[in-house]
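Q:
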Amino acid sequence: DTAVSQTPKYLVTQMGNDKSIKCEQNLGHDTMYWYKQDSKKFLKIMFSYNNKELIINETVPNRFSPKSPDKAHLNLHINSLELGDSAVYFCASSVRVGTEAFFGQGTRLTVV
Amino acid sequence: QQPVQSPQAVILREGEDAVINCSSSKALYSVHWYRQKHGEAPVFLMILLKGGEQKGHEKISASFNEKKQQSSLYLTASQLSYSGTYFCGTEWDQGGKLIFGQGTELSVKP
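Chains as they are written, first to last, in my numbering: chain P, 1 to 112; chain A, 1 to 110.
1. Tell me whether Arg13 of chain A is buried or exposed, calling it buried when 16 or more other Cβ atoms sit within 10 Å of its Cβ.
2. Could you give the uninterrupted runs of the beta strand (DSSP E) lying entirely in the region 1–59 of chain P, keeping only those of 3 residues or more?
3. Under a CB-based cut-off of 8 Å, is Leu98 of chain A close to chain P?
4. Are the CB atoms of Leu76 of chain P and Val111 of chain P within a distance shorter than 8 Å?
5. Between Ala3 of chain P and the rest of its own chain, which residues show a CB-CB distance below 6 Å, the 5 nearest in sequence each way excluded?
6. Quick one: residues in its chain with C-beta nearer than 7 Å to the C-beta of Asp30 of chain P, no 5 flanking neighbours on either side, listed in chain order?
7. Which first and last residues belong to the beta strand (DSSP E) in which Gly89 of chain A is found?
8. Using a C-beta cutoff of 8 Å, does Ser107 of chain A count as contacting chain P?
9. Compare the Cα-Cα distances from Ser25 of chain A to each of A:Leu80, A:Trp33, A:Glu66 and report the closest residue.
10. Determine the direct distance from the alpha carbon of Met15 of chain P to that of Lys50 of chain A, and round the result to whole angstroms.
11. For Asp70 of chain P, which three-state DSSP category applies?
12. Can you tell me whether Ser81 of chain A is helix, strand or coil according to DSSP?
13. Can you tell me whether DSSP reads Leu12 of chain A as helix, strand or coil?
14. Assign Leu83 of chain P to one of three DSSP states: helix, strand, or coil.
15. Is Leu106 of chain A closer than 8 Å to Ser83 of chain A when the C-beta atoms are compared?
16. Which same chain residues end up closer than 7 Å to Pro7 of chain A when comparing Cβ atoms and leaving out the 5 residues on each side of it in sequence?
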């Protein structure tokens with residue numbers, strides 16, 4: 001069983017569209033994250049949730065909205081997609097903030 | 001303030017050793033090390049907390065120099081499987097966000 005799974009793995013969409021990426025973890029962790037990795041491999045935290053509560057919210061455009069329906073799921077919705085949103089988005093989870101993080105396989109988003 | 005890793009890239013022959021450094025301009029609570037192979041997710045290697053401890057993981061170990069706000073990752077007797085991009089992540093406060101360095105690309109050749 002995959003510990004942290006994201007869907008879809010690849011997403012190609014046109015500018016202006018709205019899309020969602022889903023993430024689920026079966027590790028029983030309390031903390032989940034969204035990271036963005038750009039074409040230069042820079043890995044940057046976007047959001048972090050602890051037990052469904054938002055605890056880290058980086059300076060991300062408000063077109064990005066995370067949602068955590070329960071502590072095993074953290075979804076990312078992106079409105080009005082722009083070319084600059086093209087990147088690999090990683091979901092991750094950990095027992096608590098600051099401990100070993102387990103990453104999903106990533107979602108490669110390409111905006112055309 | 002993103003931590004700075006050096007070198008940016010290194011090429012090794014199998015069996016050689018390498019050191020990757022991670023420096024911060026700000027006082028650190030912890031340093032995390034991850035390895036990411038091409039096209040895959042980052043994988044956790046180890047965490048070091050302030051106190052200057054050293055940790056080991058197979059033939060990969062790391063140290064944390066609190067005075068210098070620097071951590072070093074040591075890879076000894078490198079294997080082909082060590083190839084990938086190594087990231088350090090720094091945490092300023094306990095429970096704070098993890099900020100990653102720009103990565104060090106390591107290639108191990110036969």
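The C-beta atom is built at its ideal place from N, Cα and C for all residues, glycine as well.
Note that this is a predicted model, so its numbers are computed, not measured.
A: Let's see:
1. exposed
2. 4–7, 10–13, 19–25, 31–37, 43–50, 53–57
3. yes
4. no
5. Leu27, Phe102
6. Asn50, Asn51, Lys71, Val95, Arg96
7. 84–91
8. no
9. A:Glu66
10. 45 Å
11. strand
12. helix
13. strand
14. helix
15. yes
16. Thr104
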